[in-house]
Amino acid sequence: MKALILGGKTGLVGQALATALKDSGWEVSAPGREEFDVDAPDFANRLEALIDASEPSCVFNTIAYTKVDAAEDEPKIAALLNQALPATLGRIMQTRHGTLVHFSTDFVFDGKKKTPYTPQQDRTAPLCVYGTTKLAGEEALLSLDLPRCLIIRTAWLFGPGRRNFVSAILQASKEKGAINVVDDQVGSPTYTPDLAQYTLKLVESGASGIFHIVNSGEASRHELAVEAVKLAQVECMVNPIPSSGYPQKALRPAYSVLNCEDLTRMTGITPRAWTQALREYIATL
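For the record, in the sequence shown the residue sitting at position 81 is 990 according to my numbering, with numbers rising by one throughout.
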């Protein structure tokens, strides 16, 4: 089996996927961004040539514009990466035999629910440019009706290889005696090596359509920070504050926990608790 991972050289998800696939015996190609310029006028042709040269069994797209607040000022760039890129990939894969796996986000929801969001039944209603462009990328792929396409929504990523919320919290906690973290945003913390393993199982099952993959359980940003600082055994106060006390340009869903029952039905996998995964991650640090 051959895998082409777009964003696999430096991305948080891409690096975890590359490791999981290699460990499972896949042949992995993970080109860097320098090998295809999304802004170039011949981008589609170069991407098509890259795919044909790799002859992948599966193409994993982990590239995204993820700077949530900056996207409010750079909507065109966000749309280029989050909407135009997956749309181009989808059109290319229409005439290829491989599977396309595209990663999306919990930010496609408005956070007005109080129970975990399901992939099929719950209505999408993004609150910000980032969420809107990611949803547009999903819709572009769905409109092509690809027989072998997986859209995986995930959330609140932490893991090795790149700065993330948890690593940023730990760095701040070591530099300061006290930090403030919002306690009115609740979501699904997700360990990227687990995300990669569960994604691989979903691909191997032959699944298609939209699935949610996150670790089990839910937490506020504050609860996640408190647990990380405790596990790292750092002496630091983690003070809870409302989102209004930490103003940001982009609106975020207050509740965006994702339901993974479809993943379990398809693969038999019940994701492990985020607390267990966080303990493993802290140990690696």
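Note that CB positions come from ideal geometry on N, CA and C, so glycine has one too. Note that the coordinates shown come from a computational prediction; the quantities given were computed from them, not determined experimentally.
{"Query": "Throw me the rounded Cβ distance for the valine 1095 and tyrosine 1155 pair, which I believe falls under 8 angstroms.", "Result": "15 angstroms between Cβ atoms; not a contact."}
{"Query": "Answer yes or no: do isoleucine 1150 and valine 1090 have a C-beta to C-beta separation smaller than 8 angstroms?", "Result": "yes"}
{"Query": "If you draw a straight line from the C-alpha of threonine 1176 to the C-alpha of threonine 1033, how long is it?", "Result": "25 angstroms"}
{"Query": "Is it the case that the Cβ atoms of lysine 1043 and threonine 997 are separated by a distance below 8 angstroms?", "Result": "no"}
{"Query": "Give me the Cα-Cα distance between alanine 1192 and lysine 1158, rounded to the nearest whole angstrom.", "Result": "34 angstroms"}
{"Query": "Given that a residue counts as buried once 16 or more other Cβ atoms are within 10 Å of its Cβ, and exposed if not, what is glycine 1115?", "Result": "exposed"}
{"Query": "Could you check what DSSP says for serine 1117 in three-state terms: helix, strand or coil?", "Result": "coil"}
{"Query": "Between valine 1038 and proline 984, which are expected to be in contact by the criterion C-beta below 8 angstroms, what is the C-beta distance as a whole number of angstroms?", "Result": "5 angstroms"}
{"Query": "So what does DSSP say about glycine 1046, is it helix, strand or coil?", "Result": "helix"}
{"Query": "Can you tell me the Cβ-Cβ gap for valine 1017 and glutamate 981, rounded? I've got them flagged as a contact below 8 angstroms.", "Result": "Their Cβ separation, rounded to whole angstroms, is 16 angstroms, which puts valine 1017 and glutamate 981 out of contact at 8 angstroms."}
{"Query": "Do you know how far the Cα of aspartate 1171 is from the Cα of threonine 1179?", "Result": "10 angstroms"}
{"Query": "Do isoleucine 1119 and glutamine 1029 have their C-beta atoms within less than 8 angstroms of each other?", "Result": "yes"}
{"Query": "Is the beta carbon of aspartate 1103 less than 8 angstroms from the beta carbon of asparagine 1073?", "Result": "no"}
{"Query": "Closest to leucine 1051 by C-alpha separation, out of Gln992, Leu1079, Ala927 and Asp1093, would be which residue?", "Result": "Gln992"}
{"Query": "Taking 8 angstroms as the cut-off, decide whether the C-beta atoms of threonine 1108 and isoleucine 1060 are in contact.", "Result": "no"}
{"Query": "Identify, in the order they occur along the chain, each residue of the same chain with its Cβ nearer than 7 angstroms to the Cβ of isoleucine 986, setting aside the five sequence neighbours on each side.", "Result": "Tyr974"}
{"Query": "Put valine 911 into one of helix, strand or coil per three-state DSSP.", "Result": "The amino acid at residue 911 is misidentified as valine; the sequence shows lysine. The answer is strand: DSSP assigns lysine 911 an E or B state."}
{"Query": "How would you label serine 875, buried or exposed, when you count the other beta carbons within 10 angstroms and need 16 or more for buried?", "Result": "Look at the range of the chain in this structure, 910 to 1194, and you will see that residue 875 is not part of it."}
{"Query": "Alpha carbons only, please: which of Val1166, Ile1078 and Arg1071 is nearest the one belonging to threonine 1027?", "Result": "Val1166"}
{"Query": "Could you tell me how far apart the beta carbons of lysine 918 and serine 966 are, in whole angstroms, since I believe they sit closer than 8 angstroms?", "Result": "Not really, about 20 angstroms apart at Cβ, beyond 8 angstroms."}
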